[in-house]
Every structure is written in C-alpha cells, then in structure tokens.
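Asker:
There are 2 protein chains.
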Amino acid sequence: MDGKHMLMIPGPTPVPEGVLLAQAKHPIGHRSSEFGELISEVNSNLKWLHQTESDVLTLTASGTGAMEAAIINFLSPGDRVLCGCNGKFGDRWAEMSEAFGLQVERVSAEWGQSLDPDAFGALLDADTNRTIKAVIVTHSETSTGVLNDLEAINRYVKNHGRCLIIVDAVTSVGAIDIPIDEWELDVVASGSQKGYMIPPGLGFVAVGPKAWDAYKTATIPKFYFDLAPYRKSAAKDSTPFTPPINLMYGLQAALQMMRAEGLSNIFARHERVTRAAREAVKAMGLPLFAPDEAASRAVTAVEPATVEAERVRSVMKKQFDIALAGGQNQLKGRIFRIGHLGFVSDRDLLTCIAALEATLHELGHENMTPGVGVAAATRVFSMS
Amino acid sequence: MDGKHMLMIPGPTPVPEGVLLAQAKHPIGHRSSEFGELISEVNSNLKWLHQTESDVLTLTASGTGAMEAAIINFLSPGDRVLCGCNGKFGDRWAEMSEAFGLQVERVSAEWGQSLDPDAFGALLDADTNRTIKAVIVTHSETSTGVLNDLEAINRYVKNHGRCLIIVDAVTSVGAIDIPIDEWELDVVASGSQKGYMIPPGLGFVAVGPKAWDAYKTATIPKFYFDLAPYRKSAAKDSTPFTPPINLMYGLQAALQMMRAEGLSNIFARHERVTRAAREAVKAMGLPLFAPDEAASRAVTAVEPATVEAERVRSVMKKQFDIALAGGQNQLKGRIFRIGHLGFVSDRDLLTCIAALEATLHELGHENMTPGVGVAAATRVFSMS
Numbered sequence: 001m002d003g004k005h006m007l008m009i010p011g012p013t014p015v016p017e018g019v020l021l022a023q024a025k026h027p028i029g030h031r032s033s034e035f036g037e038l039i040s041e042v043n044s045n046l047k048w049l050h051q052t053e054s055d056v057l058t059l060t061a062s063g064t065g066a067m068e069a070a071i072i073n074f075l076s077p078g079d080r081v082l083c084g085c086n087g088k089f090g091d092r093w094a095e096m097s098e099a100f101g102l103q104v105e106r107v108s109a110e111w112g113q114s115l116d117p118d119a120f121g122a123l124l125d126a127d128t129n130r131t132i133k134a135v136i137v138t139h140s141e142t143s144t145g146v147l148n149d150l151e152a153i154n155r156y157v158k159n160h161g162r163c164l165i166i167v168d169a170v171t172s173v174g175a176i177d178i179p180i181d182e183w184e185l186d187v188v189a190s191g192s193q194k195g196y197m198i199p200p201g202l203g204f205v206a207v208g209p210k211a212w213d214a215y216k217t218a219t220i221p222k223f224y225f226d227l228a229p230y231r232k233s234a235a236k237d238s239t240p241f242t243p244p245i246n247l248m249y250g251l252q253a254a255l256q257m258m259r260a261e262g263l264s265n266i267f268a269r270h271e272r273v274t275r276a277a278r279e280a281v282k283a284m285g286l287p288l289f290a291p292d293e294a295a296s297r298a299v300t301a302v303e304p305a306t307v308e309a310e311r312v313r314s315v316m317k318k319q320f321d322i323a324l325a326g327g328q329n330q331l332k333g334r335i336f337r338i339g340h341l342g343f344v345s346d347r348d349l350l351t352c353i354a355a356l357e358a359t360l361h362e363l364g365h366e367n368m369t370p371g372v373g374v375a376a377a378t379r380v381f382s383m384s
Numbered sequence: 001m002d003g004k005h006m007l008m009i010p011g012p013t014p015v016p017e018g019v020l021l022a023q024a025k026h027p028i029g030h031r032s033s034e035f036g037e038l039i040s041e042v043n044s045n046l047k048w049l050h051q052t053e054s055d056v057l058t059l060t061a062s063g064t065g066a067m068e069a070a071i072i073n074f075l076s077p078g079d080r081v082l083c084g085c086n087g088k089f090g091d092r093w094a095e096m097s098e099a100f101g102l103q104v105e106r107v108s109a110e111w112g113q114s115l116d117p118d119a120f121g122a123l124l125d126a127d128t129n130r131t132i133k134a135v136i137v138t139h140s141e142t143s144t145g146v147l148n149d150l151e152a153i154n155r156y157v158k159n160h161g162r163c164l165i166i167v168d169a170v171t172s173v174g175a176i177d178i179p180i181d182e183w184e185l186d187v188v189a190s191g192s193q194k195g196y197m198i199p200p201g202l203g204f205v206a207v208g209p210k211a212w213d214a215y216k217t218a219t220i221p222k223f224y225f226d227l228a229p230y231r232k233s234a235a236k237d238s239t240p241f242t243p244p245i246n247l248m249y250g251l252q253a254a255l256q257m258m259r260a261e262g263l264s265n266i267f268a269r270h271e272r273v274t275r276a277a278r279e280a281v282k283a284m285g286l287p288l289f290a291p292d293e294a295a296s297r298a299v300t301a302v303e304p305a306t307v308e309a310e311r312v313r314s315v316m317k318k319q320f321d322i323a324l325a326g327g328q329n330q331l332k333g334r335i336f337r338i339g340h341l342g343f344v345s346d347r348d349l350l351t352c353i354a355a356l357e358a359t360l361h362e363l364g365h366e367n368m369t370p371g372v373g374v375a376a377a378t379r380v381f382s383m384s
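The listed protein sequences derive, respectively, from chains A and B. Everything in the first sequence is counted per UniProt numbering, starting at 1 for the first residue and increasing by one. Everything in the second sequence is counted per UniProt numbering, starting at 1 for the first residue and increasing by one.
1. Return helix, strand or coil for GLU271 of chain B, following the three-state DSSP convention.
2. Thinking C-beta only, is PHE225 of chain B closer than 8 Å to SER62 of chain A?
3. Within its chain, find whatever has a CB closer than 8 Å to the CB of GLU53 of chain B; leave out the 5 residues flanking it on each side and keep chain order.
4. Within 8 Å, do at least three Cβ pairs link the region 15-23 of chain A to the region 196-210 of chain A?
5. Rounded to whole angstroms, what's the CA-CA distance from PHE204 of chain A to ALA298 of chain A? Just pull it up for me.
6. Beta-carbon within less than 7 Å of PHE120 of chain B's beta-carbon, same chain only, minus the 5 sequence neighbours each way: which residues are those?
7. Between the C-alpha atoms of GLN319 of chain A and GLN328 of chain A, what's the straight-line distance to the nearest angstrom?
8. Does DSSP classify ILE165 of chain A as helix, strand or coil?
9. Quick check: what's the CA-CA separation for PHE336 of chain A versus MET284 of chain A?
10. Out of A:ASN43, A:SER33 and A:ALA22, point me to the one whose CA is closest to ARG231 of chain A's CA.
11. Name the chain B residues whose beta carbon is nearer than 7 Å to that of ASN246 of chain A?
12. Scan the region 73-104 of chain B for residues whose Cβ lies nearer than 7 Å to a Cβ of chain A and list them as they occur along the chain.
13. How many Å lie between THR306 of chain A and HIS361 of chain A at the Cα?
14. With the cut-off set at 8 Å, would you say ILE189 of chain B and MET96 of chain B are in Cβ contact?
15. Please report how far the alpha carbon of MET8 of chain A lies from the alpha carbon of LEU324 of chain A, in whole angstroms.
16. Which residues in the same chain as PRO117 of chain B place their Cβ atom closer than 8 Å to its Cβ, once the five residues preceding and following it in sequence are excluded?
17. Just curious, the alpha helix (DSSP H) that LYS133 of chain B is in, first and last residue?
18. With which residues is ARG80 of chain A paired in a DSSP beta bridge?
19. Regarding GLU53 of chain B and the ligand ZN, is the C-beta to nearest heavy atom distance less than 7 Å?
20. So with CB distances below 9 Å, who are the chain A contacts of THR219 of chain B?
21. Using the rule of at least 16 other Cβ atoms within 10 Å of the residue's Cβ for burial, across every protein chain shown, is GLY161 of chain B buried or exposed?
22. Could you pull the start and end residues of the beta strand (DSSP E) that THR300 of chain B belongs to?
23. Report yes if the CB atom of ALA294 of chain A is closer than 8 Å to the CB atom of SER114 of chain A, and no otherwise.
24. Using only CA atoms, which one of A:CYS85, A:PHE100 and A:LYS133 lies nearest to GLU141 of chain A?
25. Check each candidate in A:SER76, A:ILE71 and A:ASP177 and name the one with the smallest Cα separation from VAL137 of chain A.
26. Is DSSP giving SER264 of chain B helix, strand or coil here?
27. According to a CB-to-CB cut-off of less than 8 Å, which residues of the region 173-202 of chain B neighbour chain A?
28. Short of 7 Å in beta carbon distance, which residues of its chain neighbour HIS30 of chain B, apart from the five on each side in sequence? Order them along the chain.
29. Answer with yes or no whether the minimum CB distance from PRO229 of chain B to chain A is below 8 Å.
30. At the level of alpha carbons, what is the spacing between TYR249 of chain B and PHE35 of chain A?
31. Would you call ILE11 of chain A buried or exposed, if buried means 16 or more other Cβ atoms sit within 10 Å of its Cβ?
32. Along the region 49-64 of chain B, what residues have a CB closer than 9 Å to any CB found in chain A?
33. Are ASN45 of chain B and LEU202 of chain B touching if we call contact CB-CB under 8 Å?
34. Which class does MET197 of chain A belong to by DSSP, given the choice of helix, strand or coil?
35. Which residues in the same chain have their Cβ closer than 8 Å to the Cβ of TYR37 of chain B, if we skip the five residues on either side of it in sequence?
36. Cβ of GLY145 of chain B less than 8 Å from any chain A Cβ?
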C-alpha cells in the first residue's frame, strides 16, 4: 500500500505535515526583506535550541559538510588533534582531519562501547607543551547507538585550557541535552534530517568565542565553508550564498514546533522513548549492542543472535512498511538499528515494537512470548 | 494580497506546482532501493540535460559549492589559471581560486561587456611551456546579464591542448545551449534554483575524462567536495553523504518536465523571451546594460537614465508584487535586472513588461507611449 511508509531510522527522520507543507510554498527572493525576517527568526530560535548566546551558522550542506566546516575553520595543516573513534562517524572525522593535513591521534574504543574519557585525560594532561590543538568527539555515535561522555571528556579539555573541543552533535541537537554555553563547547556541528524534524540539506555549526579566536590564525584553505562570511551575513539577517529557501521554510516551522514543546520536554520524550525501546528489546530476548550507561537517545542498536539482522529488517519493511537501519561497515548484517529521534512519539515506538514482535515470531525467534515487548514499553511509559 | 508574489529575478526562479508538491512528500531512507531508483533516473536525466555521456554529480550545496568542487578537484596549489572577470561571479571564482593557493591571472572586461576570447587566446598561445593548468569562465554572468563567448574561448583552450576549461554554467544549464560533449568542456558547474526550476540547495558538476585525469594528480585538500566518492557512489545509484531527499523529489519531477518539453524547445523559449524582453525595454526608451550580441538568455540588465533603478524595483514590488533584481557591488542602484529563466513563459514576460510600463509611467519616465513595450514583445512572439 502506497503512502504508509514509516521511518524508524536515525535519519532521515519523519517530518511533520506542517513542515512538509511549509516547504511546498513558492520560494521568495533570498535578498528580500521578508526573507531577512525569516532568517532573523530562525537564527534566534537556533540559538535557543543550541542553548547558546554565540553564533549558530546555517550551511547548505549535509552533516558531513557541517563537520568539515567545524574542523577546517579553526585549525592549520600539521596541527595535532585527538579524535575519538568508536564508530563510523568518529572514523570519518579522523579521515577528514587527515585529508586536511592534521596530525591525528585516534582515541579509540571498540564499536559498541563508549570512549574512555580518561584516555583523553591522559593525553591532555601529558601535553605540558600544549601542542594538542583540538579534541574532536562524536557525541551520539549513530552507527552504534553509543552516547559518548562528552561532559567528562570536555572537563579534561577545559583542564588543558588551550585546545578546542569540536563536537559532532548530528544526532544530539534536538534530541539529547547538550548545553553548549554551560559546558563551554567551542564548535558543535549538526544536520537537519535528525532532531530538527526536517529533511536533509542543512548543516549547522555553533561557534563559541574561543573558536573565533582560533579562527584568526587557522590556515587550512577554505571558501564555501569559510565561516566568517556566514557570521558577517547572519549579523545582517542574510547569507553569503543562496540559501535553500524551501528548507528554510521547513526549518522555521520545525523550530516553532520545538519552541512550543520546550527543550526539557523534547529531551524527556527522547529519553522515555529510548528506555521503552531498550526495555522492550530486552524483554523480547534480544541483545542490545550498546550498554545501558552509554545508550544514545537517538538510536538503539540490536545485535540479534537467534535471527538474522537483515531478515528482521526485510520482514519489517515488507510486511509492516517500517524502515529500520542496518549495520554499517564491519557491523553490516550483524546489527539492526531502531531510530527514534525527532518527530517520534510514544505511539510510534509502540507500533515499532509490536511489529518487531510479530516479525521475530515469524522468523522463529525462540523464548519470546508475544506481547512482552509492548508490555515492557508500556511499563516505561506508565512510570514516566 | 498574500500569495500573489511573482519572481522575475535570476534565481531563485519560480517553481512549478508539481515540483513544489513533489517536495512535500514524506522523505524515505536514502539507502533504500526505492531511493536508488530515483537516483538512477535523475542521474540519467541529468546527463541528458547536460548533453554528456560523462558524469554529472549532484552535491548538497549552493552553486558556489559546486564551483568550489569544480576547481579544487582538478588543481594543485601554485597552479597557474586564467580566470575570466567581467562581473561579480567571475570575480568570485578568481577570489576562490586564490583562497586555494592558485596563481590567478585575471582576464578582465568591463562589467556589462563580454570577455574577449582573443585575450585568452593570446595568453594561451604564448604559453609554449604549457604552464596554464585551467581556464575558468562564467558562461552567463548573472550580475550583468552578459553571455560570454564560451565556444570561442574554448577553441583557444583546445588549441592549447593541455589546460582544462572549467565553466560556471549556473544560469546556463537548462536555459542556454551548452553542448558539453560536443565542445569537450571539462568541468561544468551549476545550481538548482535557476534553469532547473527547483528551489536552491543542489549543486551539479559535470566532469569529463580529461578532468578525471587531472584529478589523479590534484592536491588541493578536500573531503566533502571530493568528487571521486560521488562518482563511485553514483555508479551504485547512491550518494556518499545523505542527499537532500525532498529536493531530489523536486529534481526528479522537474527533469521529467524538461524531458517532456525537449532541449531545443527549452532553449528556443529562453531565446524568445529574452528577445521580447530586450525589444520591449528598447521600445520603452530604457538603455540595455549588455549589448545585443552578448545578451544572456537568463537575465536582462537595464540601466535606466531618467528614473532611479531602485525606485523601479520598489514600485514593481509594492504595486504589482513582482520581484526584480537590483545591481550588485558597483552596480548597486545603477541597474535593475529582469530574470527570465527556468519556469518562465511568454505570458510571464508580457506581465512583467506591462507592469514595468505602468511603473515607468508612474515614475514620470518621459518619451514613452504606454503600450509600446508590450507591443514590441508581442511582435517578437508573433515572429517566432
């Protein structure tokens, strides 16, 4: 049946009808006063969402483009950086940093485990000459469903005093509390097709004062992603290059919805849905890939033992028209991932769990009484 | 009155209803087989539109991002390049090239005049050591309404034999005939909010075999705009990073419309509308900024003498809800620009001219019998 597709992947995430329709409006000129008003409203709401008084700059790019901007604007070739690697995205930022000539030291953990803040601490504390210029960390590692302890890693960065912290918050912003000013995070990048509840196409970079200081001496060549012109234009409610006007309409509508819901409600909803997903998966007798204490509130990875992950995805799609994500790289075929961020409700999670129970039953998964998953999720909802 | 706005600017251009509604569909996963089919269709139609058998790669970026990719993938710091400068965009590519460490020689013409192909020829013919690595040319200079003689410049490039030709075709593709394979153009960049009839947010780069050869030795650092992964993914009907799914829906719909109309009809429509605009402007006694022989078929710039350009724009917007573009940089306040590319019909042009006549009449422009502009445009239409 057409038009019944349900996205439970960690991006793109479902988009509210009001956002979809906002995007279907005729574009207007991006240099018009009307569009200037939209930019002004959006930029103000982005600061609210990022819990910062500093700049939040909007780029026409995917999340990877935003992370590239987050790295190249503040560093120079040869700079020493620490890069947290415990999943596909951490690996990508290390690879990207090397592409721009940075001297990368990987601080690694097994995929499915969180990064050890003390490993950063040891390197940072030993860096008495202050040669480390930046620590690059993925907050919520989408590929594994692991949440890294950004706050603890950041404390070591703050003790170091000199180096910047650059954060991939692609599946954090709008889903998981990341108080940028309170934690003094220097650069935080994200993308639109996640917690923002809008389609892909926009990248965001929050830049704090210490990062702007570093910008002055950074020499990696740049033009399209040079953030200074974005900052200068934002101060005039404008953009240096043509913005994706219809996506900006969508962003405006989505940010209005988020303000109406409120940050604490948004974070509580993601936490509740995550707990429900995890309790349901446990009740169904499926192993969770990430431990409870390092669980992302954006995506839950499951590593089934008695059934094949790809067969679960296949039945979920064919019979119930629900898209789950597969594993990436070495996790391909080993895990499946339930995305639950952005425009996701308790009902969506129940729906997904009920369909997953039916799927597991069909695939002959043993030791599961049908209903236990939904019951476990229900208990979480009734407690919150 | 809300909802009556009419865009007659050179981007963003009006978007057909079918494209707007296609964009309002729920996103699907970009790694799904369904989206793979969309990518396959779109890529095939992009090759048709670009009149090429080579790769046409789609980036999540504005046109400037596409031009950056067109430059940095094929050159190395210190490389000598010639850059055509006769407007804001030519100047931008020179500035961008310098930002990436290229040794730029500007081949300039006055704003409003076209580049002299022989000026390129003299430099290329004198380059017996073959030190020139690329010639960077803006085909249709949006800031002045000037069409540069790309075919003639390219002939000198082909005589040189070694250097690449890199073309900004942002307001050419889908509006002006630019036969990429026939002319052996190496790299051609464009953006979605122009002839493509979709909102901004997508950039396109057509890359020929000689450019791919140059790619192998090019050393400007890159990651997000590294085109090799885009090519590799395109061969598998995929993308290296999350594409802007809803804009891709729009692109799919727009390309279907373009195929239905046919390339020769599209080009003839743009040429007809351009001639109508220019004849009407002449009949109204307003000076055209670009000479007939170098007129872009995307935008017509007018340099009024008896009335102020900004007052024309203001009345056009307030009374008739038609957006015209102003002048940029040193042309600010001196010219106004009528955009007529993409989803533009004879009727749109007549509407714009009629409103312009009324505006000029209101502003006290002398020596104009109301009706002469519409009459002149009508004559053009009846002749074609």
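Even for Gly, the Cβ is constructed at its ideal location relative to N, Cα and C.
Answerer: This is what the structure gives:
1. helix
2. Cβ distance not < 8 Å, so SER62 of chain A and PHE225 of chain B don't count as in contact.
3. LYS47 and ASP181
4. Output reads yes: the region 15-23 of chain A touches the region 196-210 of chain A.
5. 18 Å
6. LEU82, VAL107, VAL135, ILE153 and TYR156
7. 23 Å
8. Here ILE165 of chain A sits in strand by DSSP.
9. Each residue's alpha carbon lies about 15 Å from the other.
10. The residue with the shortest Cα to Cα distance from ARG231 of chain A is A:ASN43.
11. GLN23 and PRO199
12. MET96, ALA99, PHE100 and GLY101
13. Near 11 Å, if we compare the C-alpha coordinates of HIS361 of chain A and THR306 of chain A.
14. Note that residue 189 of chain B is Ala in the sequence shown, not Ile. In this structure, MET96 of chain B does not lie closer than 8 Å to ALA189 of chain B by Cβ.
15. 5 Å
16. ASP149, ALA152, ILE153, ARG155 and TYR156
17. Premise fails: LYS133 of chain B lies in the beta strand (DSSP E), 132-138, not in any alpha helix (DSSP H).
18. A:GLN103 and A:ILE132
19. Inclusion of the ligand ZN in the displayed structure is not the case, the ligand content being empty and no account of it being possible.
20. By Cβ distance, chain A contributes nothing, its closest Cβ being about 10 Å from THR219 of chain B, past 9 Å.
21. exposed
22. From DSSP, the beta strand (DSSP E) with THR300 of chain B extends over 299-302.
23. yes
24. The residue with the shortest Cα to Cα distance from GLU141 of chain A is A:CYS85.
25. A:ILE71
26. In this structure, SER264 of chain B counts as helix in the three-state DSSP scheme.
27. GLY191, GLN193, PRO199, PRO200 and GLY201
28. THR239, THR242, PRO243 and ILE245
29. no
30. 24 Å
31. At residue 11 of chain A the sequence reads Gly, which differs from the Ile that was named. Classification for GLY11 of chain A: buried.
32. The residues in question are LEU59, THR60, ALA61, SER62, GLY63 and THR64.
33. no
34. It is coil, neither helix nor strand.
35. Note that residue 37 of chain B is Glu in the sequence shown here, rather than Tyr. The residues are ASP237.
36. Closer than 8 Å: no.
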